[in-house]
Amino acid sequence: MMMQGRQLALALMLLHLLLWHESVTIEVPQDPKILADLRQPPTITKQSVKDYIVDPRDNIIIECEAKGNPVPTFSWRRNGKFFNIGKDPRVTMRKRSGTLEIGFRNGGRPEDYEGEYQCFAGNDHGLAMSNKILLRVSKAPLWPKEVLEPVVVTEGSSLVLPCNPPPGLPPPFTFWMNSMMSPIPQDKRVSKGLNGDLYFSNVMAQDAQNDFSCSARFLFTHTIQQKNPFTLKVFTNDPYNDTSYNDSDPYGGRKVVESTPTFLSPLGSESAKMVLRDEQLLLECIAAGLPTPTTKWFKKGGDLPGRKVKFENYNKTMKIINVSEEDSGEYVCMANNHLGSIRHSIFVQVKAAPYWLDKPTNLVLAPEENGRLVCRANGNPKPSIQWLVNGLPIDSSLPDPSRQMMGDTIIFRSVQMGSSAVYQCNASNQHGYLLANAFVSVIDMRPRMLGPKNQLIKVIENNRTFLDCPFFGSPFPELRWFKNGQGSGLDGGQYRVYMNGTLEIKRARAEDEGTYTCVASSILGMAENQVRLEVKEPSRIVRAPEHQSAIRGSTARFDCKVKFDSSLPVTVAWTKDDKPIYLGWRLRKDEESLTIPNINEGDEGIYTCTVKTEIDQDSASARLTVLEEASLNPSVSSALPPDRPDPPMDLELSDPAARSVRLTWIPGNDHRSPVTEFLVQFEEDRWEPGRWQDLATYPGDLNSVILQLTPFVNYQFRVISINAVGHSEPSHPSPKYQTSSAAPDVIPRGLRGWGSEKDNMEITWEPLLDLEKNGPNLHYCVWWRRKDSDGEWNNVTIIGIKHVVRNTETYVPYEIKIQARNELGAGPESNVVIGYSGEDKPTSAPTELRVSKVDSSKANIQWKPVDQVSVRGEFKEYRLYYWRESSHVPALVFRKENKTKGFYTTVAEPSAILSDLVPFSRYKMFMVAANNRYEGPPSNTVEFSTKEGVPDAPSFFRIKRRGFDSIHLEWDKPLEPNGLLIGYQLKYQTVNGSRQGRPRLETFLPNVTEFTLRLPDRSTRYNFYLSALTQVGAGEIFAEESPFFANEGDKTMKTVRVTQQPPITVADLIVGAKYHLRVYSHELSSVTSKSVTFETKAAYIDQVDIATQGWFIGLMCAIALIILILLIVCFIKRSRGGKYPVRDKKDLPLDAVDHKDPDGSFDYHSDEDNKPLQGSQTSLEGNVKESDDSLVDYGEGGDGQFNEDGSFIGQYTVKKDKDETEGNESSEATSPVNAIYSLA
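Quick note, my numbering runs 3 ahead of the 1-based positions in the sequence shown.
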């Protein structure tokens, strides 16, 4: 019953909090006028630490500072009682402060003032209190006098020399020295423990050569006190000879009994340790044994916190910094040598003094407003929370009807002017306490303007501008803006009003000029202020200076024409290398230029023109390069071509900072082409040594820049100059510069959660780049929790880039976030990403799969959907499996191929269209539901047939030219008829250039695959268009063109198998020929591209038969007429009895290859003689019939008789080819027409 009552009260409390409206606390501006008039309770601003240790040689100062209005007064308590300062002449309080000063100039002991102090600061509106300050005087007591007997020990045994320093305040720092004031060397065998004692794991004979004295250094007094020294006597089995000592045999060949490890500290097999949160944990294990044992550390049930753990004192001490609750547990140290090992368990408990979860803060409210103070703290054990008001427990204070206590929260409702007070929250447990002051100040103040009156704002046109109107009031006033005192408030469009009263004009235009009024109003009154806005034209350089090179002694002129708003005062200034130019007798400046006469080497540099008004500026720069005179150095003149610049020199680093450094260099010679920019590169030696990477580019007029760097990188820089010609060689590297480490700045990218199995979730991300690590020991902290559960975040720290969450439910959403960390701290957290655990096989199949409408290439399908819960993952699609079972075309061969198509839909009655089907075919299909990983069971299998369609193009179409007057065409049936073929149709028409003749149509039966076309003229050319026919209609057209007569050839189809990605090269083509090209699937020839036509280049021009040309016929007629005239002349000559001289014939020399016939005659031969004359007639024996060389024989042909005067001696013979028929024996000329035609 009691439990139910508590639950009901808790529910009512939560409901009350949800229904209660909390006002936003008023933020008081730090304006002197406001603060002077504003009444506020006191606030402690400075106080001494809780545990305050002072030096007895100095005066004691206990600090306590506070602020408030009126100025607070101060009082103190000592050991819980009022401390009357006026009665103690040694104690004074500083003016306008609560700080105490206790002086001992006139005597007194500082120890008399030890105790617990607490400061109180109060005014009319409340009382604030400081922490309790425990004041203690530092002590450095002397070491007690004692006589120490020599320590006798056997060689090889262990030894502990106690230090036991005097108990100082604070405890002293101890160390060991000998009587010569030299430190005792410490190593794996000899070392100092945490308690100051000196431990020997085993004693060696040479240890007796030293004495050992413990020294204590007191921090406050800066004094060192030394204990009387210990002397050792070491018993050995054999005499000790220090010359026999060496590192490999420290006992000089003497036989020393070895021993297994034992612990000198701590004793026993286990111990316990308690440490507070955020402090450091020191665990120590010092072992004895011979040989000297080695110490190792472990943590049971987990790993050592690698990022926080450090090993010291030769692994005998383990230190864990910033201890947290997860560092509690059992730690094991193990000491071992070759004789054995020993373990010791240390049980660590992590407790915590109180620490803040939600610290109360000051609350400023207006009358009748609501608010709350929250005080939440945690610790181990859980701290108790106590509220006080003005230094008194809240239970014993005066009741306040506007105040209500609810656990760690105080609720204020409808506060009134008398409700101001200072509240204290005290959170404490056995390990410490926290004290926080937070005041509640109830104020009322008329609205007041805090900015200057009637301010003038000038802004450049098209720029964004802000008009400020700072104001204050309690209750918080409402602010509105007006323009020119008219219209409603300005907000929206290009205006935006911020909470602090600022008006933003996103893009100022000329029409935005005017007077703007801001009005702040509340129930207590109203205040206003005005701001006048003027919009100005921008200042800009319309003709900028340009880079130029000039010979020494000449004149250089830089232009700088500017445009600006005439209502603004403007200045135009020139600088050289960022330094002002002093105009004098040589340099002249006018409104639009700078003139430099008689230039010299000192004038070389970067000249910058700057136009500046009170609200904007513009600048432009150009470089002046001075060249030597051609007469002084003929090799150098302005006519020389520009070249790449020389590399920069003398790189220097300065102004080092955590993430930047200044790099300065001297530019090299630019070789008559100004340097336009510098490229800075860097090389680091941690991840990619030797690789130079681009860092940044800078304008060519700079030679000193600040480089923005990344932490934890050892940099080296170099610079490259760049001009219009190209890049220079890199400069010599700069000195190395190492940036300090820092916490990461980057959030790991690519965070995602997905399931590789049905019961897990893999969280993966991209690792930070090497230059993003910012420090050593990079690791990642990953958080995850079920989405919408509001449960605790699970987290893990990992070095890799993947973490697997196991034993999850199937396909459950998770919230995931990640953070990169290193030894220096944590980087920013990522946004929350939604991931999902693994998927499983869907359990349901789509039902009632059916086909509602089918045509030749498409089918409408419908089905019943599955329940989304049965998908067991993210629904991806309904996946349809379908295949072509058979074709209705008899004997058609094709390749069966399973195909899939996905449909994403979530409607109650899903449907889809299945396209790209082959006509006149029988199909089967079934459907499954699929998630990202699995498919569910199949639906019912459906069979359907597509309707008949138009056929594909014929598989080939060839055109052959069989002669001068015919063309023969051949083709074959389509690879995919898409129905029952009923025939073919051929359309063709003549073509002459761009003109086409009347089309003609031929149809053929399906078994006809050739056609011969008679040509009316052999020069006629045709375009042919062939297509196959089904009952549905004509199919795809296969177009061809008849070939040229001169390039006659078969139009055949050639197939090239393609096994590579495009593009490909088709070789072995005929020059000057036209081709049709298409690409189709080898497995399924019905899948094809459109036909593409191209023509190869011609290698020659078609010959023309000149025998039919008019000019040639005319020429032949002229030649025939000339021959006729010559014959007539010959007949006339013969009738007159003329004779031919014989001597000319007789004087002809014989050819070297002549051969004498048996009858005494000679036969003349030549290469040409062996060739028959075209059109000549030969005898069956192959010899020309003998003839006399008389005109009679030439004219008529005779018997070949010699004349008495021996006119012709010898015979001419010409050998003819035997395959020629015998012709006329006369030597008449062959017809010229026949001779030319034969060459054609």
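Just so you know, even glycine gets a beta-carbon here, dropped at the ideal spot from N, CA and C.
Contact under 9 Å by Cβ, residue i with residue j
i, j, result
"Val-953", "Ala-1037", "yes"
"Ile-750", "Ile-821", "yes"
"Leu-162", "Val-206", "yes"
"His-1079", "Ala-1042", "yes"
"Glu-30", "Thr-48", "no"
"Gly-841", "Thr-813", "yes"
"Pro-849", "Glu-938", "no"
"Ile-804", "Pro-831", "no"
"Leu-774", "Val-716", "yes"
"Pro-73", "Arg-97", "no"
"Asn-383", "Arg-280", "yes"
"Lys-461", "Leu-571", "yes"
"Asp-558", "Asn-601", "According to the sequence displayed, residue 558 carries Thr and not Asp. Contact: yes."
Exposure label - residue i; buried when at least 16 CB within 10 Å
i, result
"Gly-304", "exposed"
"Cys-1120", "exposed"
"Val-575", "buried"
"Leu-406", "It should be pointed out that residue 406 corresponds to Arg in this sequence rather than to Leu. Result: buried."
"Glu-951", "buried"
"Trp-1114", "exposed"
"Phe-1205", "Summary for Phe-1205: the model assigns pLDDT 38, below 50, so the residue's position carries little reliability, and this model does not support an answer."
"Ser-657", "exposed"
"Ile-289", "buried"
"Gln-10", "Residue confidence for Gln-10 is low, a pLDDT of 48 falling below 50, so the modelled location carries little weight and cannot support an answer."
"Asp-1154", "Any answer about Asp-1154 is weak, because its pLDDT of 41 lies below 50 and its placement is not dependable; what the coordinates show is given next. Per the 10 Å Cβ criterion, exposed."
"Ser-942", "buried"
"Ala-727", "exposed"
"Glu-328", "exposed"
"His-128", "buried"
"Lys-501", "Strictly speaking, residue 501 in this sequence is Tyr, with Lys absent from that position. Classification of Tyr-501: exposed, given that the 10 Å Cβ count is below 16."
Integer Cβ distance of residue i from residue j, believed to fall under 8 Å
i, j, result
"Ser-948", "Leu-978", "Actually they do not touch by this definition, with Cβ atoms about 20 Å apart."
"Leu-459", "Glu-537", "7 Å"
"Asn-126", "Pro-75", "5 Å"
Span of the beta strand (DSSP E) around residue i
i, result
"Arg-310", "Careful: Arg-310 lies outside any beta strand (DSSP E) and carries neither H nor E."
"Arg-675", "Segment: none, Arg-675 is in no beta strand (DSSP E) and carries neither H nor E."
"Lys-98", "Taken as a continuous stretch (DSSP letters only), Lys-98 belongs to no beta strand (DSSP E), as it is neither H nor E."
"Arg-824", "816-825"
"Asn-1303", "Here the chain has residues from 4 to 1243 only, and residue 1303 is not among them."
"Asp-653", "652-657"
"Trp-974", "969-974"
"Met-132", "129-132"
Where the alpha helix (DSSP H) through residue i begins and ends
i, result
"Met-1119", "1113-1138"
"Ile-63", "It is not in any alpha helix (DSSP H) - Ile-63 instead sits in the beta strand (DSSP E) that spans 63-65."
"Ala-39", "35-40"
Report task. Would you check if there are 3 or more beta carbon pairs closer than 8 Å linking the region 930-949 to the region 860-870? Result -> yes
**Report entry** Sufficient close CB pairs (3 or more, under 8 Å) joining the region 303-321 to the region 366-376
**Finding:** no
Query - Cβ pair count under 8 Å reaching 3, the region 116-134 against the region 446-459 - result: The region 116-134 vs the region 446-459: no contact.
Query raised in the report: Is it a yes or a no for the region 807-817 touching the region 758-770, going by three-plus beta-carbon pairs under 8 Å?
Result: yes
Query raised in the report: Three or more beta-carbon pairs under 8 Å between the region 109-127 and the region 195-203, yes or no?
Result: no
Query raised in the report: Between the region 466-474 and the region 54-70, do three or more beta carbon pairs fall short of 8 Å?
Result: no
Query - Three or more C-beta pairs below 8 Å linking the region 970-984 and the region 892-908 - result: Yes, they touch.
Query raised in the report: Are the region 545-557 and the region 609-624 in contact at 8 Å, needing three or more beta carbon pairs?
Result: Result yes; three or more Cβ-Cβ pairs closer than 8 Å.
**Report entry** Contact the region 658-671 vs the region 572-591: 3+ CB pairs below 8 Å
**Finding:** No, they do not touch.
Query raised in the report: Given 8 Å as the limit, is there contact between the region 383-395 and the region 419-431, that is, 3 or more CB pairs closer than that?
Result: yes
Query raised in the report: Are the region 352-362 and the region 319-339 in contact at 8 Å, needing three or more beta carbon pairs?
Result: yes
Requested in this report: May I ask you to verify whether the region 701-708 touches the region 732-750, counting CB pairs closer than 8 Å and requiring at least 3?
Outcome: Contact between the region 701-708 and the region 732-750 is absent, because fewer than three Cβ pairs lie under 8 Å.
Requested in this report: Check whether the region 429-445 touches the region 505-518, counting contact only when three or more Cβ pairs, one atom from each stretch, lie closer than 8 Å.
Outcome: no
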